[in-house]
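Visitor: Going by numbering that gives the first Met the number 0, the first residue of the sequence shown is number 0, and it counts up by one from there.
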Amino acid sequence: MKVDKSILTNLIAFCIVLLSFVVPEFLTKHFFDMGFYALSGAVTNWLAVYMLFEKVPFLYGSGIIELNFEVFKKSIKDMVMEQFFSSKNMQNFLETEEMRIDLSGVIENVDMNKAFDALKSTIMESKFGGMIGMFGGEGVIESFREQFLDKLRVSLISIVKSNSFHEEIKKHLSSTTIQEDLTSFIGIMVTNRLNELTPRMVKDLIKMLINEHLGWLVVWGGVFGGAIGFIVSFI
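(1) Rounded to the nearest angstrom, how far is the Cβ of V189 from that of M80, given a contact under 8 Å?
(2) Any chance the segment 178-196 sits against the segment 84-91, with 3 or more Cβ pairs inside 8 Å?
(3) Measuring alpha carbon to alpha carbon, tell me which of N112, E166, V153, K160 ends up nearest E141.
(4) Sorted by chain position, which residues of the same chain lie with C-beta nearer than 7 Å to L193's C-beta, five sequence neighbours on each side aside?
(5) I'd like the span of the alpha helix (DSSP H) that includes T8, first residue to last.
(6) Please report the Cβ distance between V16 and L38, rounded to the nearest whole angstrom; I am assuming they are in contact, meaning their Cβ atoms lie under 8 Å.
(7) Distance, Cα to Cα, D110 vs S103?
(8) Check for me: the alpha helix (DSSP H) holding E24 runs from which residue to which?
(9) Relative to the alpha-carbon of K4, which residue among E65, I156, N44, F57 has its alpha-carbon at the smallest distance?
(10) Should the segment 45-57 be regarded as contacting the segment 151-159, the criterion being three or more beta carbon pairs within less than 8 Å?
(11) Where do the N-terminal and C-terminal ends of the alpha helix (DSSP H) with E81 fall, by residue?
(12) Under the three-state reduction of DSSP, which class applies to T197: helix, strand or coil?
(13) Would you mind sorting V153 into buried or exposed? The rule is 16 or more other CB atoms within 10 Å of its CB.
(14) Looking at the secondary structure, which residues open and close the alpha helix (DSSP H) in which F115 lies?
(15) Three or more C-beta pairs closer than 8 Å, one from the segment 218-226 and one from the segment 117-127: is that the case here?
(16) L216 by DSSP, collapsed to three states: which one?
(17) Specify, as a first and last residue, the run of the alpha helix (DSSP H) that F147 falls within.
(18) Take the Cβ of D116 as the centre, count every other Cβ of all protein chains shown within 10 Å, and call the residue buried at 16 or more, exposed below.
(19) Can you say whether N108 is buried or exposed, counting buried as having 16 or more other CB atoms within 10 angstroms of its CB?
(20) When the distance is taken between beta carbons, is S61 closer than 8 Å to M50?
(21) Assuming V217 contacts V48 (C-beta within less than 8 Å), just tell me the rounded distance between them.
(22) Is the beta carbon of G220 sitting closer than 8 Å to the one on M33?
(23) Quick one: using the 10 Å Cβ neighbour count with 16 as the cut-off for buried, is T197 buried or exposed?
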């Protein structure tokens, strides 16, 4: 079973105060001052940590996390947008992604039969349709389907791999409008996620993350308080 550091520190300080009533008289003042100062430091720091998360009646400034919930949310959004999605970072990201764009795999898997069907329909509806009908009609055109699709794929892959195509992509991706639209979209997503949080959820989250470390404030408050009390007892 894990013992809470704050409770243990206060308990030890309180026990030292109690011991001051049973130790030899020449040690009474030393034990009492050391225990009292340690208890004062530990309790004061424990109350400060408690007030950080909980509202205490008549104590101004307590429960600041829940009271400043909206400010806290805005600070998170500002930090995320400025640190991770600044204009410079977005430009670097888009330029990096542009280098990774390879549409050849997409083209390989695209069904291009509709393109051939449209071509066949266009030919048959043109003035050459009647002439082709004399030599077998659509069946003649249909015999070229696979050859046409293969050549079309090769041509499209050649286009998307060309320098001019990538330069055009880079030009569009680096445009201010795209960066602004993407940044705006991300900002909306972050805001929507933050709006799902409640003051209680934020308080519990922060408490879970830092409460373990804040417990040491109580411990050191007791240690330094006890040390000061021990010194004072000799003055």
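We put the beta carbon where it would ideally sit given N, CA and C, even for glycine.
Nothing here was measured: the structure is a model prediction, and the numbers come from that model.
Guide: With the structure as the only source:
(1) Yes, they are in contact, since the Cβ atoms of V189 and M80 sit about 7 Å apart, within 8 Å.
(2) In this structure the segment 178-196 lies against the segment 84-91, because at least three pairs of beta carbons, one per stretch, are closer than 8 Å.
(3) N112
(4) Excluding residues within five positions, the ones whose Cβ falls inside 7 Å are K72, I75, K76.
(5) Unbroken alpha helix (DSSP H) run through T8: 4-18.
(6) 6 Å
(7) 13 Å
(8) 24-52
(9) The shortest C-alpha to C-alpha distance from K4 to any of E65, I156, N44, F57 is the one to N44.
(10) no
(11) 68-83
(12) coil
(13) Exposed: under 16 other Cβ atoms inside 10 Å.
(14) 112-124
(15) With the cut-off at 8 Å, the segment 218-226 and the segment 117-127 do not touch.
(16) If DSSP states are grouped into helix, strand and coil, L216 belongs with the helices.
(17) 144-159
(18) exposed
(19) It counts as exposed.
(20) Between M50 and S61, the CB-CB gap stays under 8 Å.
(21) 7 Å
(22) No, these two residues do not count as a Cβ contact at 8 Å.
(23) Counting Cβ neighbours within 10 Å, T197 comes out exposed, since fewer than 16 surround it.
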